[in-house]
Amino acid sequence: MTEMKQLLKAIISNPLQHARWLNTLSLMENCGAKLIAKSEHPTMVPKEILKHAAEEFRHAYFFKAQIEHVMAGGLKTYQLNELLGGLYSAQYLNRLNLGVSRFLTEKKINGSKLKEYSYLLVTYAIEIRAEKIYPIYQSILKEMGSKISILNIIRDEKHHLEEILSELEKSPASEWLVDVSLLEEKQFLKWKNSIELENECFENSCA
């Protein structure tokens, strides 16, 4: 993840780009919370799912609130010009969810099981990615002496991953973890490349 660290350092060094990065994380956490809510069974809703959704919404608010620390006035919306990665950020989770659903459909999974397995596998892939990205971001914030710290969010995401792995241990969906990780990796690389190109254009226009 050396490339990601270099990219984040470049982004965080500029207040506007850092603000867009925070806004992008806020968007993704918000999308994650809505995806959890959308996947809920009409009546069978354990407290763990409610807790997870609530924490994702809280993370979305946290990242949005931190923008004020790096740019006066903040960013008010999730419009593409206020994000990094444009459509790749806005559609990241939906594209991943669609890819996983198609994969499961090819495996003859349908109905309520399709919804259940998609939730488990997409959430797993997202939490694995968060486990890789957030510590890198935190280390850079610390190096730069930023007032922002995401240690609490890292702790929450660790618990989320533990919970989802516990659920997967009891589910047949666990046999497809590698497949779903590969699907997510493709989405991630497209997203990262989009941010790299966008940041290069920003730096060149500001030079």
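Each position in the sequence shown, counted from 1, maps to that position plus 115 in this note's numbering.
Idealized CB from N, CA, C, for every residue including glycine.
These numbers were taken from a predicted model, which means no experiment stands behind them.
Assigned exposure category for residue i - 16 Cβ within 10 Å defines buried
i, result
"T139", "buried"
"L150", "buried"
"G214", "buried"
"H275", "buried"
Inter-residue spacing [alpha-carbon to alpha-carbon] between residue i and residue j
i, j, result
"I255", "P130", "14 Å"
"P222", "A240", "Note on identity: in this sequence residue 222 is Lys, with Pro being the wrong assignment. K222 and A240: Cα-Cα distance of roughly 18 Å."
"I283", "E163", "Reading off the sequence shown, one finds Leu at residue 283, where the question assumed Ile. Straight-line Cα distance between these residues: approximately 14 Å."
"A322", "I268", "Unreliable positioning characterises A322 in this predicted model, as indicated by a pLDDT of 49, which lies under 50. The coordinate reading is nonetheless provided below. One C-alpha to the other measures close to 35 Å."
"E290", "F303", "22 Å"
"E246", "L195", "25 Å"
"L312", "W136", "14 Å"
Candidates the options: closest to residue i by CA position
i, options, result
"L210", "H133, Y193 and K301", "According to the sequence as given, residue 210 is Arg; it is not Leu. Considering only alpha carbons, the answer is K301."
"V293", "A245, I310 and V237", "V237"
"S141", "S309, L229, T117 and L199", "L199"
"P287", "I224, I263 and S320", "I224"
"G260", "Q121, I127, L122 and M119", "I127"
"E272", "I263, K305, A125 and E170", "E170"
Residue j beta carbon less than 8 Å from that of residue i
i, j, result
"R244", "E183", "no"
"A134", "L190", "yes"
"E197", "A175", "no"
"A168", "A148", "yes"
"Y207", "L219", "no"
Range covered by the alpha helix (DSSP H) that runs through residue i
i, result
"Y193", "It is not in any alpha helix (DSSP H) - Y193 carries neither H nor E in the DSSP assignment."
"L204", "Sequence check: residue 204 is Ser here, not Leu. It spans G201 to A205 - the alpha helix (DSSP H) in which S204 sits, taken as one unbroken run."
"M259", "Neither: M259 is in no alpha helix (DSSP H) and is coded neither H nor E."
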